Amino acid sequence: MLNEQINKYKETYSTLVTAFAKLHNAHLSFVINKGRDTGFAVRKELRTIEQSAKDLKKLCQLVSKESIQNRRLEKKQRREEKLAQKSKKKKNVVDTPRSNS
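For the sequence shown, my numbering gives the first residue as 1, with consecutive numbering after it.
Put into structure tokens, the structure is as follows:
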């Protein structure tokens, strides 16, 4: 599940970067040819950037949360494995009788 979320994050980031490039081009066009159509293009790219930024923030939080949960789970499993190994070592110890010489 974490890999799916990371892939979505990467896609959203790519969309955001692309939108910034389009905004730059629309801005240049607007500065050179001031008008309704070029202004609309700038506003359209700004809306795209705002939405992508919101989506990116949500995905970032989700990925971070899942990553922390996975690390905690791995740490717990390692702790349990160490405890299991210690208990096995204690069981393997054999009491040898002492001689009274």
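Don't be surprised by glycine CBs; every beta carbon is placed ideally from N, CA and C. For clarity, every value in this text was computed on a predicted model and none was experimentally measured.
Whether residue i touches residue j by CB criterion (8 Å)
| i | j | result |
| --- | --- | --- |
| ALA84 | THR48 | no |
| GLU45 | LEU23 | yes |
| ASN59 | THR12 | Reading off the sequence, residue 59 comes out as Leu, not Asn. For LEU59 and THR12, yes; Cβs fall inside 8 Å. |
| HIS27 | VAL17 | no |
| GLN5 | GLU80 | no |
DSSP-derived helix/strand/coil call for residue i
| i | result |
| --- | --- |
| ARG33 | First, the residue type needs correcting, since residue 33 is Asn and not Arg in the sequence shown. Of the three classes helix, strand and coil, the one that applies to ASN33 here is coil, per DSSP. |
Spatial neighbours of residue i in its chain, beta-carbon cut-off 6 Å, leaving aside the 5 residues before and after
| i | result |
| --- | --- |
| SER29 | THR38 |
| ARG36 | none |
8 Å Cβ shell around residue i - same chain, five flanking residues per side excluded
| i | result |
| --- | --- |
| LYS8 | LEU59 |
| LEU62 | GLN5 |
| ALA53 | LEU16 |
7 Å Cβ shell around residue i - same chain, five flanking residues per side excluded
| i | result |
| --- | --- |
| LYS89 | none |
| ARG72 | none |
| ALA21 | none |
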